[in-house]
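Those protein sequences? They're chains A and B, same order as listed.
According to the working numbering, the stretch in the first sequence is residues 1 to 82, in order.
According to the working numbering, the stretch in the second sequence is residues 1 to 89, in order.
Everything below concerns the one structure shown next.
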Amino acid sequence: APLATSKPTKIKFYYNNDIFALMLNNDVTFNELRDKIAPRVDGIKFKLHVKLAEGDAEEITTDAQVSQIIQAKLKISVHDVE
Amino acid sequence: YKHSIPESSIMMRISFNQAFYTILVELSAPMSSVTELVRKKLYPVGNFTKIKYQDEDGDYVMLSSDEDWLVAKDMLKENDERVLNILAY
């Protein structure tokens with residue numbers, strides 16, 4: 001599929017006071033995204049939200065959301081759980 | 001001075017404790033070597049715990065893994081830049 005073979009997209013995530021940039025393929029799954037984030041955060045349990053200028057929006061839990069984030073080049077905020 | 005930087009390298013302009021330091025870094029170097037070069041350069045003036053680079057949005061993005069380093073180099077290539085602004089603290 002043309003989408004899957006196109007160039008990776010740079011997506012940034014925010015965690016505590018740090019910003020990280022990832023290159024994501026357009027067909028990356030939610031679990032693959034978590035695997036990329038995991039080594040960069042302190043805890044084992046963390047959750048992802050869509051980050052908007054005004055603050056956090058909905059929690060990210062599905063592959064479809066990840067796909068939308070990449071297409072729209074949205075930012076992600078990551079929070080430790082407990 | 002952009003043209004005096006060797007093809008195989010980039011210049012890092014490092015901001016640390018309100019002063020600037022520059023180093024030449026081989027594009028092929030692994031992140032561990034880059035960190036070591038920065039450490040050696042800053043050793044006379046102090047220690048740092050984090051290195052970040054300034055991206056095209058002006059944000060300071062973490063530079064700690066080989067993947068981070070690839071993303072940073074990709075950005076330089078895309079913008080035809082040879083200088084990477086670094087913040088160490």
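Glycine is no exception: its CB is placed at the ideal position from the N, C-alpha and C atoms.
These numbers were taken from a predicted model, which means no experiment stands behind them.
Residue i (DSSP reduced to helix, strand or coil)
i	result
A:N26	coil
A:A38	helix
B:K40	helix
B:V34	helix
B:L24	strand
B:S4	helix
A:E87	Since the first and last residues shown for chain A are 1 and 82, residue 87 of chain A lies out of range.
Beta carbon of residue i nearer than 8 Å to that of residue j
i	j	result
B:D80	A:M23	no
B:L63	B:K52	yes
B:S4	B:E26	no
A:F20	A:F13	yes
A:K47	A:E58	no
Integer-rounded CB distance, given that residue j should sit under 8 Å from residue i
i	j	result
B:L87	B:S15	5 Å
B:K41	B:Y89	That belief does not hold up - the Cβ atoms of B:K41 and B:Y89 are roughly 14 Å apart, past 8 Å.
A:D80	A:D42	7 Å
A:I76	A:I69	7 Å
Endpoints, alpha helix (DSSP H) assigned at residue i
i	result
A:D63	63-72
B:A72	66-78
B:L63	Per DSSP, B:L63 belongs to no alpha helix (DSSP H) and is neither H nor E.
Assigned exposure category for residue i - 16 Cβ within 10 Å defines buried
i	result
B:R39	exposed
B:K20	The residue you asked about is not Lys; residue 20 of chain B is Phe in the sequence shown. Answer is exposed; the Cβ neighbour count stays below 16.
A:I11	buried
A:I44	exposed
A:A38	exposed
B:V34	buried
Residue span of the beta strand (DSSP E) that contains residue i, given as start and end
i	result
B:N85	83-88
A:L101	Since the first and last residues shown for chain A are 1 and 82, residue 101 of chain A lies out of range.
A:K75	75-80
B:S15	9-16
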